[in-house]
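Undergrad: Handing you this structure, nothing more for now.
In the working numbering, the protein residues as written are 163 to 569.
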């Protein structure tokens, strides 16, 4: 009997704890695991040996269900990049030493692209040193939906559902008055516009939804944008525009850089929010109508009360798949979703080499953006629709959703 360690990393989502619940359930029912430990704050918690015994915190099916409906990372998170394996192995030696100390044979890391980089490096170190009794497996997570190797990512479906519902509600609110007005809604997405594309799902019940949609995959031209807005204002009083936070001009510069400081995070990623405010000021100056910008910000990833049932169910299955891979002695893989069909919607759960995932990005295909670059195609909507289906049976207490706190 060996111990299993699980941790979470990167930006939280409404479904990341459902994946954690799947890992825990898989470990509990396997008969192969003694202690199930959780590292607080990702790989940083591993270095600090800040572990909690999950059997003491999550003891049965009711608590697993409660954990699955809890948004954000219940084990905490971090943004920490391991050093280059070929240049400095000290960190990897320390991780293995800690694993030996706590008799950990299975490590499952739930996260996005940078987290899969950690899985890739750590498993490669173990392979290179002939360590054959420690198994490192990744479980995907990201609202950005930009991981290679999986049809879609846990957390994306719930974020897309929130965005579709929110755009539907914003659009209804904006059409109350007959005053010419533009509302620009900034959606998360640095290099991949999947979430912004999901705004088109607001048209699902016959409502207009956003009049214009601009993804970060397409070079953004301010003059073309102003022309598009003017044309829509000729047709209707209220124009709702969806934009990715990471829209860039033809030279590759973020539109938001006009109001940003140039600061970067631990992975060298620029802080890029502010695109909506830039365009708000542009419309005010060049068109002169009433205009506002809205930044959806954190609500996109933490709205557990409107999570997609499909997303939560699949997230739990991916957690169980990752656990099964580890317990079967598989190393350097990531659990993945393989889509079999759109209608009827059918998927299967598998695993892919994590080396094919880390440090790569899956963007919206060019053929799923219209020729004008200001909307999306029916093919993209066919891909998105199944992911937001179903309403999770959220447990409420004192009028608000009940959450499980692990530490």
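The C-beta atom is built at its ideal place from N, Cα and C for all residues, glycine as well.
For the alpha helix (DSSP H) that contains residue 484, what are its first and last residues?
TA: As a first step, residue 484 is located in the chain shown; it is residue number 322 there, counting from the start. Here the alpha helix (DSSP H) through residue 484 covers 471-489.
Undergrad: Starting from residue 261, trace the alpha helix (DSSP H) in both directions and tell me its first and last residue.
TA: For the purposes of this step, residue 261 is taken as the residue at position 99 of the chain shown. From DSSP, the alpha helix (DSSP H) with residue 261 extends over 252-263.
Undergrad: Using the Cβ count rule (16 or more neighbours within 10 Å means buried), how would you classify residue 496?
TA: Position 334 of the chain shown, counted from the first residue, corresponds to residue 496. That one is buried.
Undergrad: Buried or exposed for residue 191, please, with buried defined as at least 16 other CB atoms from any protein chain shown within 10 angstroms of its CB.
TA: If you number the chain shown from 1, residue 191 lands on position 29. An exposed status is given to residue 191, since fewer than 16 other beta-carbon atoms sit within 10 Å of its beta-carbon.
Undergrad: Throw me the rounded Cβ distance for the residue 272 and residue 338 pair, which I believe falls under 8 angstroms.
TA: Along the chain shown, one-based indexing puts residue 272 at 110. Along the chain shown, one-based indexing puts residue 338 at 176. With a Cβ gap of about 42 angstroms, residue 272 and residue 338 do not count as contacting.
Undergrad: Measure the C-alpha to C-alpha separation of residue 303 and residue 179 and round it to an integer number of angstroms.
TA: Residue 303 sits at position 141 when you count from the first residue of the chain shown. Residue 179 sits at position 17 when you count from the first residue of the chain shown. Looking at the two C-alpha atoms, the distance is approximately 10 angstroms.
Undergrad: Are three or more beta carbon pairs between the region 348-363 and the region 401-418 nearer than 8 angstroms?
TA: yes
Undergrad: Pair every Cβ in the region 188-205 with every Cβ in the region 234-248, then say whether three or more of these pairs are closer than 8 angstroms.
TA: yes
Undergrad: Which residues in the same chain as residue 266 place their Cβ atom closer than 8 angstroms to its Cβ, once the five residues preceding and following it in sequence are excluded?
TA: Your numbering for residue 266 matches position 104 in the chain shown. The answer, listed in chain order, is 164, 165, 166, 167, 199, 260, 296.
Undergrad: Check the DSSP bridge columns for residue 164 and list the partner residues they point to.
TA: Numbered from 1 along the chain shown, position 2 holds the residue referred to as residue 164. Answer is 195.
Undergrad: CA-CA distance, residue 543 and residue 537?
TA: Translated into positions along the chain shown, residue 543 becomes position 381. Translated into positions along the chain shown, residue 537 becomes position 375. Taking the straight line joining both Cα atoms gives about 11 angstroms.
Undergrad: Can you name, in chain order, every residue of its own chain whose Cβ lies under 6 angstroms from the Cβ of residue 308, other than the five neighbours on each side?
TA: The residue given as residue 308 occupies position 146 in the chain shown. Excluding residues within five positions, the ones whose Cβ falls inside 6 angstroms are 354, 523, 524.
Undergrad: Do the region 539-554 and the region 468-485 touch if we need at least three Cβ pairs shorter than 8 angstroms?
TA: yes
Undergrad: Under the assumption that residue 318 contacts residue 356 (Cβ atoms under 8 angstroms), give the Cβ distance between them as a whole number of angstroms.
TA: As a position in the chain shown, residue 318 is number 156, starting the count at 1. As a position in the chain shown, residue 356 is number 194, starting the count at 1. Their Cβ separation, rounded to whole angstroms, is 7 angstroms, which keeps residue 318 and residue 356 in contact under 8 angstroms.
Undergrad: Go to residue 223, then tell me how far its alpha helix (DSSP H) extends in each direction, as first and last residue.
TA: The sequence position of residue 223 within the chain shown is 61, counting from 1. Per DSSP, residue 223 belongs to the alpha helix (DSSP H) from 223-230.
Undergrad: Which residues does DSSP list as the beta-bridge partners of residue 501?
TA: Locating residue 501 in the chain shown gives position 339, where the first residue counts as 1. BP columns for residue 501 point to 509.
Undergrad: Kindly indicate which residue of 513, 462, 467, 494 has the alpha-carbon position closest to the one of residue 561.
TA: To locate residue 561, count along the chain shown from 1; it is residue 399. Selected option, being the one with the closest Cα: 467.
Undergrad: For the structure I just gave you, are there three or more beta carbon pairs, one from the region 247-257 and one from the region 275-289, closer than 8 angstroms?
TA: Touching, per the Cβ criterion.
Undergrad: If you count every other CB in all the chains shown that lies within 10 Å of the CB of residue 324, and 16 or more means buried, which is it?
TA: Along the chain shown, read from residue 1 onward, the residue named residue 324 stands at position 162. Label assigned to residue 324: buried.
Undergrad: Which same chain residues, not among the five before or five after residue 553, have their C-beta less than 7 angstroms away from its C-beta?
TA: By one-based count along the chain shown, residue 553 stands at place 391. Once the five neighbours on either side are set aside, the close Cβ partners of residue 553 are 471.
Undergrad: Between residue 253 and the rest of its own chain, which residues show a CB-CB distance below 7 angstroms, the 5 nearest in sequence each way excluded?
TA: Within the chain shown, numbered from 1, the residue matching residue 253 stands at position 91. These residues qualify, in order along the chain: 244, 245.
Undergrad: Alpha carbon to alpha carbon, what distance is there between residue 529 and residue 388?
TA: As a working mapping, residue 388 is identified with position 226 in the chain shown. As a working mapping, residue 529 is identified with position 367 in the chain shown. So the alpha carbons of these two residues sit roughly 24 angstroms apart.
Undergrad: Identify, in the order they occur along the chain, each residue of the same chain with its Cβ nearer than 7 angstroms to the Cβ of residue 532, setting aside the five sequence neighbours on each side.
TA: Taking the chain shown and counting its residues from 1, the one referred to as residue 532 is at position 370. Excluding residues within five positions, the ones whose Cβ falls inside 7 angstroms are 538, 539.
Undergrad: If you reduce the DSSP assignment to three classes, tell me which class residue 423 lands in.
TA: Within the chain shown, residue 423 is the residue found at index 261, counting from 1. Note on residue 423: pLDDT 45, under 50, position unreliable in the model; no value is reported.
Undergrad: Residue 161 by DSSP, collapsed to three states: which one?
TA: The first residue shown for the chain is 163 and the last is 569, placing residue 161 beyond what the model contains.
Undergrad: At the level of alpha carbons, what is the spacing between residue 456 and residue 480?
TA: Here residue 456 corresponds to residue number 294 of the chain shown, with the count starting at 1. Here residue 480 corresponds to residue number 318 of the chain shown, with the count starting at 1. Whole-angstrom Cα-Cα distance: 34 angstroms.
Undergrad: Please go through the same chain and pick out, in chain order, the residues whose beta-carbon is closer than 7 angstroms to the beta-carbon of residue 341, but skip the five residues on each side of it.
TA: Taking the chain shown and counting its residues from 1, the one referred to as residue 341 is at position 179. Counting only Cβ-Cβ distances below 7 angstroms, and skipping sequence neighbours, we find 399, 452.
Undergrad: Considering just the uninterrupted stretch of the alpha helix (DSSP H) at residue 242, what are its terminal residues?
TA: What you label residue 242 is simply residue 80 of the chain shown in a count that begins at 1. Neither: residue 242 is in no alpha helix (DSSP H) and is coded neither H nor E.
Undergrad: If I follow the unbroken alpha helix (DSSP H) through residue 320, where does it start and stop?
TA: Mapped onto the chain shown, residue 320 falls at position 158. 318-336 is the span of the alpha helix (DSSP H), which, as asked, contains residue 320.
Undergrad: What is the rounded straight-line gap between the Cα of residue 320 and the Cα of residue 232?
TA: On the chain shown, residue 320 is found 158 positions in, with the first residue counted as 1. On the chain shown, residue 232 is found 70 positions in, with the first residue counted as 1. Distance between the alpha carbons of residue 320 and residue 232 is about 12 angstroms.
Undergrad: Assuming residue 488 contacts residue 516 under a Cβ cut-off of 8 angstroms, what Cβ separation, rounded to an integer in Å, is found between them?
TA: Locating residue 488 in the chain shown gives position 326, where the first residue counts as 1. Locating residue 516 in the chain shown gives position 354, where the first residue counts as 1. At roughly 12 angstroms, the Cβ-Cβ gap does not stay under 8 angstroms, so residue 488 and residue 516 are not in contact.
Undergrad: Hey, quick one: how far does the alpha helix (DSSP H) through residue 454 stretch, first residue to last?
TA: Along the chain shown, read from residue 1 onward, the residue named residue 454 stands at position 292. First-last for residue 454: 452-457, but that is the beta strand (DSSP E), not the alpha helix (DSSP H).
Undergrad: Could you work out which residue in 328, 188, 208 is closest to residue 263 when comparing CA atoms only?
TA: Your numbering for residue 263 matches position 101 in the chain shown. Ranking the options by Cα distance to residue 263, first place goes to 208.
Undergrad: At which residues does the alpha helix (DSSP H) containing residue 218 begin and terminate?
TA: Here residue 218 refers to the residue found at position 56 of the chain shown. Its alpha helix (DSSP H) spans residues 216-219.
Undergrad: Who are the Cβ neighbours of residue 507 in its own chain at under 6 angstroms, not counting the five residues just before and after it?
TA: Here residue 507 corresponds to residue number 345 of the chain shown, with the count starting at 1. Only 548 meet the Cβ criterion.
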